[in-house]
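Data first, discussion second: the structure below is written as structure tokens.
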Amino acid sequence: MTNLAVFASGSGSNFEAIARSCADGRLDARVVVCVCDRPGAGVVERARRLGVPVLEFRPRDYAGKRDFERMIADRLDEEGVELVCLAGYMRIVGEELLGRYGGRILNIHPALLPAFPGAHAIRDAFEYGVKVYGVTIHYIDETIDGGTIVSQAAVPYDGDDIDEVEAMIHQAEHRLYVDTISRIINSKEGKQE
Ligand code: GAR
2 MTNLAVFASG SGSNFEAIAR SCADGRLDAR VVVCVCDRPG AGVVERARRL
52 GVPVLEFRPR DYAGKRDFER MIADRLDEEG VELVCLAGYM RIVGEELLGR
102 YGGRILNIHP ALLPAFPGAH AIRDAFEYGV KVYGVTIHYI DETIDGGTIV
152 SQAAVPYDGD DIDEVEAMIH QAEHRLYVDT ISRIINSKEG KQE
């Protein structure tokens, strides 16, 4: 059984896909903590409903990133976290967390990296007029949306409804994140080579 931490800032649909897969046995893992930097975000309610402990914090209550990342990393240590899954955590991970959990932090991005990095990938791809959208899971490093790619899924779409393609991408995300975590856990490659 692998101990996971999931970090999210928003609605938390990816968090929920992961937590439900743990609960129903699809993943041989448990989410020991949900870390949220926006108290009141949708993910907090989802976590409470699913019985997952939440670590909520306000970055502005800390002197700087190093301080709140130290608080988070201490909690991850206490919980015995083996793999961190960023799931819409809209913050650049800093030196403290990378120093202590580097090589064990996955991120999901709603585009086929290296295309469309950043916080508005779906809108950017839509406005560019792509016909194949997608999802990327990668280990993070100190660059924005950089790091070794672990898996990708393509989402072909030739329509003109951004809400429709967004829903398709989210569905693909939930599937790909659970499958990728499962692969990592089962091959015991929880730490990047
Ligand atoms: C997801 O689409 C995720 O890929 C994206 O935030 C969304 C969170 O949705 N992350 C990024 O854009 C990171 N650059 P959710 O809260 O419903 O899981």
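Just so we're aligned: the sequence shown equals residues 2 to 194 in the working numbering. Even glycine gets a Cβ: it sits at the ideal position worked out from N, Cα and C. Since the model is a prediction, treat every value here as computed from it, not as a measurement.
What do you get for Glu17, buried or exposed, if any count of 16 or more other CB atoms within 10 angstroms of its CB means buried?
Counting Cβ neighbours within 10 Å, Glu17 comes out buried, since at least 16 surround it.
Chain-order list of residues whose beta-carbon lies under 8 angstroms from that of Gly191 (same chain, five-residue window excluded):
Note on Gly191: pLDDT 44, under 50, position unreliable in the model; no value is reported.
Helix or strand or just coil, what does DSSP make of Val44?
The three-state secondary structure of Val44, taken from DSSP, is helix.
For Ile150, list the residues DSSP reports as bridge partners.
Looking at the DSSP output, Ile150 shares a beta bridge with His139.
Residues that DSSP places opposite Cys86 in a beta bridge:
In the DSSP output, where bridge partners are listed per residue, Cys86 has Val7 and Leu107.
DSSP three-state assignment for Arg31, whether helix, strand or coil:
Note: Arg31 maps to strand in three-state DSSP.
In this structure, what does DSSP give as the bridge partners for Ala155?
The partner list for Ala155 (beta bridge, DSSP) reads Gly135.
Is it a yes or a no for the segment 110–122 touching the segment 131–140, going by three-plus beta-carbon pairs under 8 angstroms?
Put simply, the segment 110–122 touches the segment 131–140. At least three CB pairs are less than 8 angstroms apart.
DSSP bridge partner residues for Cys37 (one or two, in chain order):
Beta-bridge pairing links Cys37 to Ala9 and Glu57.
According to DSSP, simplified to helix, strand and coil, what is Gly100?
In the structure shown, Gly100 sits in a helix (DSSP, three-state: H, G or I).
Is the beta carbon of Asp146 sitting closer than 8 angstroms to the one on Leu99?
In this structure, Leu99 does not lie closer than 8 angstroms to Asp146 by Cβ.
Assigned exposure category for Gly89 - 16 Cβ within 10 Å defines buried
Counting Cβ neighbours within 10 Å, Gly89 comes out buried, since at least 16 surround it.
Determine the burial state of Glu70: buried for a count of at least 16 other Cβ atoms within 10 Å of its Cβ, exposed for fewer.
Taking every protein chain shown into account, the CB of Glu70 has 16 or more other CB atoms within 10 angstroms, so this residue is buried.
So, helix, strand or coil for Arg50, using DSSP?
Reduced to three states, the DSSP call for Arg50 is helix.
CA-CA distance, Asp38 and Ala9?
Answer to the nearest angstrom: the Cα atoms are 7 angstroms apart.
Taking 8 angstroms as the threshold (C-beta atoms), are Leu5 and Val45 in contact?
No, Cβ-Cβ distance for Val45 and Leu5 is not below 8 angstroms.
Nearest-angstrom Cα separation, counted from Tyr178 out to Gln193
For Gln193, the pLDDT reaches just 49, beneath the cut-off of 50, and the residue's location in the model is therefore unreliable, leaving the point undetermined.
State the DSSP-derived secondary structure class of His121, mapped to helix, strand or coil.
Correct three-state label for His121: coil.
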